[in-house]
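In our numbering, the protein residues as written are 137 to 267.
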């Protein structure tokens, strides 16, 4: 015997339901207590970028200033495998957790082209938020 039904038990709501998790991006700036001018510039740029573009409007993007010498930050230092100043994005999406290391890029443009850093960060963050 074969049974066939024209009805489906799956509603449109189930078919098009959003994932339980909303995409979130965290911007991490790791630094030593006394950093060089480039390190300090990267910290200021990244913090101002998040505040200017996402601060107050969205809880989907956050900024974290991490002092490498503070022992309380050791778990984050280990997670990102950081041993010197660095700039990272950590995206939490329905597909999982993704780290993006922007350190080399940030050091390349920190003293010469702030707009390039801002554009790239904005594009990367927005792409993560769409996932």
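Note that CB positions come from ideal geometry on N, CA and C, so glycine has one too.
Option nearest residue i by Cα separation, candidates the options
| i | options | result |
| --- | --- | --- |
| residue 241 | 170, 174, 169 | 174 |
| residue 201 | 189, 215, 250, 176 | 176 |
| residue 168 | 266, 267, 254, 220 | 220 |
| residue 255 | 238, 267, 266 | 238 |
| residue 164 | 246, 222, 191, 170 | 222 |
| residue 259 | 246, 236, 243, 215 | 236 |
| residue 217 | 166, 161, 263, 253 | 166 |
| residue 199 | 207, 190, 206, 253 | 190 |
| residue 172 | 188, 187, 243 | 243 |
Residue i versus residue j: straight-line alpha-carbon distance, rounded
| i | j | result |
| --- | --- | --- |
| residue 225 | residue 197 | 10 Å |
| residue 249 | residue 178 | 11 Å |
| residue 265 | residue 209 | 26 Å |
| residue 195 | residue 170 | 30 Å |
| residue 251 | residue 245 | 9 Å |
| residue 353 | residue 253 | Lying outside 137 to 267, the shown extent of the chain, residue 353 is not represented and no answer is given. |
| residue 215 | residue 203 | 14 Å |
| residue 263 | residue 188 | 18 Å |
| residue 207 | residue 257 | 28 Å |
7 Å Cβ shell around residue i - same chain, five flanking residues per side excluded
| i | result |
| --- | --- |
| residue 261 | 161, 197, 225 |
| residue 247 | 174, 177 |
Spatial neighbours of residue i in its chain, beta-carbon cut-off 6 Å, leaving aside the 5 residues before and after
| i | result |
| --- | --- |
| residue 228 | 160 |
Cβ neighbours of residue i in the same chain (closer than 8 Å, five flanking residues each side left out)
| i | result |
| --- | --- |
| residue 267 | 159, 227, 229, 230, 231 |
Stretch-stretch touch, CB-based, cutoff 8 Å, three pairs: the stretch 224 to 237 with the stretch 181 to 192: no
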